[in-house]
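Participant: Chains A and B supply the protein sequences, listed in that same order.
Note that the first sequence ends on residue 136 in this note's numbering; no numbers are left out.
Note that the second sequence ends on residue 136 in this note's numbering; no numbers are left out.
Yeah, the Cβ is synthetic: ideal placement off N, Cα and C, and Gly gets one too.
2 protein chains.
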Amino acid sequence: MFINIDPSSGLPIYIQIAQQIKTAVAMGRLQPEEPLPSVRQLAVDLAVNPNTVARAYLDLEIEGVIYKRQGAGTFVSGQGVEMSKAERRRVLTELLEKALVEGVNLGLSEQELRETFDRVLDKILLGRAPEPVGK
Amino acid sequence: MFINIDPSSGLPIYIQIAQQIKTAVAMGRLQPEEPLPSVRQLAVDLAVNPNTVARAYLDLEIEGVIYKRQGAGTFVSGQGVEMSKAERRRVLTELLEKALVEGVNLGLSEQELRETFDRVLDKILLGRAPEPVGK
DNA sequence: GTCACTGTATTAGTTGACTGATACAGTGGC
DNA sequence: GCCACTGTATCAGTCAACTAATACAGTGAC
């Protein structure tokens, strides 16, 4: 599996799991309808309690990134989250503001902020290139 | 004072304080060398324990946003943080990645991501307009 | 229906984050 | 030196987050 836990990171295990899956989905490394490893299987792989994996999956389900079918398994959601556009932009704005406030306080120039943004955006959108634009 | 605590936010008080001061500094609402309210004063204003304010100030000092002089007071730092440029870009990259992963998973288009970025960046840089570029 | 797999629920222990009370220590105007 | 202000240190209580052990419940191939 593509997930690895960093015990020294200070971040809760279930957050690390959720975060990495979320990133994989965003980058297209995990495709819609693709099954995720079972709660138990992933728990064994990562040497953690099944409940911890379940907790990560639960959070992702609430966010709409994945969905579960009792007894059957867990799968990547087909489409984006059910949320008003205004709400989605509000969430994004908040996160971007946090990032940029940090960047400005670190003394980075406007140009550096823009460059970094472009670089990160490109990296994320690359894996989705095949058919995201015209969809 | 410009700080207000939202008890329902779930965020620790000292984080809320630190965050708002950090944002104020980034946006130029707090100028370099400007004194901050004393630990005790702000504690009274916000109706929290002085230690809680001190904790926020400590974090901000560690990050280099402010500095303190025992017995004298607390002030906004003159310049950006002491950190290698590589390190600073790493921090920014991490935060931007988090924001953009979220945005992509929310189903926002590349254009929407770029627009939101521009809007947020403009808002932050506005207060600093007088003399940041040529400095 | 059975078996081997799915996710779910309950309960509980540990740990550390968070906040606060209180006492200590430095600074500077008078 | 004194006083009124600064920030600092110590200690302790509360509470919730996090993880785990264990038992429950749905699914589907056979």
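Which residue or residues does DSSP assign as beta-bridge partners of L37 (chain B)?
Facilitator: Answer is B:T75, bridged to L37 (chain B).
Participant: Is the stretch 44-55 of chain A in contact with the stretch 76-91 of chain A, if contact means three or more CB pairs nearer than 8 Å?
Facilitator: No, the stretch 44-55 of chain A is not in contact with the stretch 76-91 of chain A.
Participant: Going by other Cβ atoms of all chains shown within 10 Å of its Cβ, with 16 needed for buried, is G135 (chain B) buried or exposed?
Facilitator: In this prediction, G135 (chain B) scores a pLDDT of 40, lower than 50, which makes its location untrustworthy; the coordinate-derived value is nonetheless stated afterwards. So G135 (chain B) ends up on the exposed side.
Participant: Quick one: is A73 (chain A) buried, meaning 16 or more other Cβ sit within 10 Å of its Cβ, or exposed?
Facilitator: Exposed.
Participant: Who are the near neighbours of A57 (chain A) in its chain, counting only those whose CB is closer than 6 Å to its CB and skipping five residues on each side?
Facilitator: So the qualifying residues of the chain are Y15, I18, A19.
Participant: Counting only Cβ-Cβ distances shorter than 8 Å, please list the residues of the stretch 76-100 of chain A near chain B, keeping chain order.
Facilitator: Flagged, chain order: Q80, G81, V82, M84, R89, R90, V92, L93, T94, L96, L97, E98, K99, A100.
Participant: Taking the beta carbon of N106 (chain A) as the centre, do at least 16 other beta carbons fall within 10 Å, making it buried, or is it exposed?
Facilitator: Classification for N106 (chain A): buried.
Participant: Chain A partners of G11 (chain B), CB-CB under 8 Å?
Facilitator: Chain A residues near G11 (chain B): none, gap ~14 Å exceeds 8 Å.
Participant: Which residues in chain A have a C-beta closer than 9 Å to the C-beta of T117 (chain B)? List them in chain order.
Facilitator: Residues of chain A passing the Cβ test: R90, L93, T94, L97.
Participant: From the DSSP output, read off the bridge partner residues of I14 (chain B).
Facilitator: None, per the DSSP bridge assignment.
Participant: K23 (chain A) and E103 (chain B): beta carbons closer than 9 Å?
Facilitator: Yes, Cβ-Cβ distance for K23 (chain A) and E103 (chain B) is below 9 Å.
Participant: Answer yes or no: does any C-beta atom of chain A fall closer than 9 Å to that of E64 (chain B)?
Facilitator: E64 (chain B) counts as touching chain A.
Participant: List the residues of chain B that A73 (chain A) touches, going by C-beta distances under 9 Å, in chain order.
Facilitator: Within chain B, no residue comes near A73 (chain A); the closest Cβ sits about 23 Å away, beyond 9 Å.
Participant: Can you name the residues of chain A whose CB is closer than 9 Å to the CB of G128 (chain B)?
Facilitator: Residues of chain A passing the Cβ test: none, with the nearest at roughly 10 Å.
Participant: How many Å lie between D123 (chain B) and V49 (chain A) at the Cα?
Facilitator: Spanning the two alpha carbons is a distance of roughly 44 Å.
Participant: Contact criterion: CB-CB distance below 9 Å. Does K124 (chain B) meet it with respect to chain A?
Facilitator: Chain A contact via Cβ: present.
Participant: Against T53 (chain B), what residues of chain A qualify as contacts under a CB-to-CB distance less than 8 Å, listed in chain order?
Facilitator: Here the premise fails: no neighbours, minimum Cβ distance about 21 Å.
Participant: Taking C-beta pairs closer than 7 Å, name the residues in chain A that V102 (chain B) reaches, listed in chain order.
Facilitator: In chain order: K23, T24, A27, I125.
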